[in-house]
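Report on the structure given below.
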Amino acid sequence: QNVTCVGFPQGGSQISVTRGVVSRVDVGANGMLRIQIDAAINPGNSGGPVFDEGGRVVGVAMSHLKGASNVGYIIPVEVLNMFLGYCEDGVEASA
Numbered sequence: 005q006n007v008t009c010v011g012f013p014q015g016g017s018q019i020s021v022t023r024g025v026v027s028r029v030d031v032g033a034n035g036m037l038r039i040q041i042d043a044a045i046n047p048g049n050s051g052g053p054v055f056d057e058g059g060r061v062v063g064v065a066m067s068h069l070k071g072a073s074n075v076g077y078i079i080p081v082e083v084l085n086m087f088l089g090y091c092e093d094g095v096e097a098s099a
């Protein structure tokens, strides 16, 4: 699946748009579902939307793998919707 990341990376004053493909879907060390993409995600892009070819938001840019070229991670929209549902229901996070 092709994806497009949009954000404001550090050191820039313009919107940055990078494109790539989904490499895999896995679970991070924190137990959260994440999607690995090969589009560049730079510091400052976190929280920016990631779109599919149809212009639908499929996730939010989360991080990149330091020391690797074009290995980025996004939080899938399904996880975001679940989180927002918890917020609406007044569910509090526990440590």
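Residue numbering for the sequence shown follows my numbering, beginning at 5 and increasing consecutively. Glycine included, each C-beta is placed from N, C-alpha and C at the ideal position. These figures come from a predicted structure and were not determined experimentally.
For P53 and P13, the rounded distance between their alpha carbons: Counted from its first residue, the sequence shown places residue 13 at position 9. Counted from its first residue, the sequence shown places residue 53 at position 49. Roughly 13 Å separates the two Cα atoms.
Limits of the beta strand (DSSP E) - the one that V25 falls within: The sequence position of residue 25 within the sequence shown is 21, counting from 1. Looking at the DSSP string, the run of the beta strand (DSSP E) that includes V25 is 20-31.
Own chain partners of G63 with C-beta closer than 7 Å, once the 5 adjacent residues on each side are dropped: The sequence position of residue 63 within the sequence shown is 59, counting from 1. Excluding sequence neighbours, G63 sits near I39, V54, I78, I79, P80, V81.
Counterpart residues of P80 in DSSP-defined beta bridges: Taking the first residue of the sequence shown as position 1, residue 80 is located at position 76. Answer is G63.
Alpha-carbon to alpha-carbon, I19 and C9: Stepping through the sequence shown from its first residue, residue 9 is reached at position 5. Stepping through the sequence shown from its first residue, residue 19 is reached at position 15. Each residue's alpha carbon lies about 10 Å from the other.
Helix, strand or coil at G89 [DSSP, three-state]: Counted from its first residue, the sequence shown places residue 89 at position 85. Residue state, collapsed to three classes: helix.
Distance between beta carbons of G48 and G11, contact taken as under 8 Å: Taking the sequence shown and counting its residues from 1, the one referred to as residue 11 is at position 7. Taking the sequence shown and counting its residues from 1, the one referred to as residue 48 is at position 44. Between G48 and G11 the Cβ distance is about 7 Å, and since that is below 8 Å, they are a contact.
Supposed close pair N6, V25 - CB separation, criterion 8 Å: One-based indexing of the sequence shown puts residue 6 at position 2. One-based indexing of the sequence shown puts residue 25 at position 21. Their Cβ separation, rounded to whole angstroms, is 6 Å, which keeps N6 and V25 in contact under 8 Å.
Selection from F87, L88, N46, G89 that minimises the alpha carbon distance to N74: One-based indexing of the sequence shown puts residue 74 at position 70. Checking every option, the nearest Cα to that of N74 belongs to N46.
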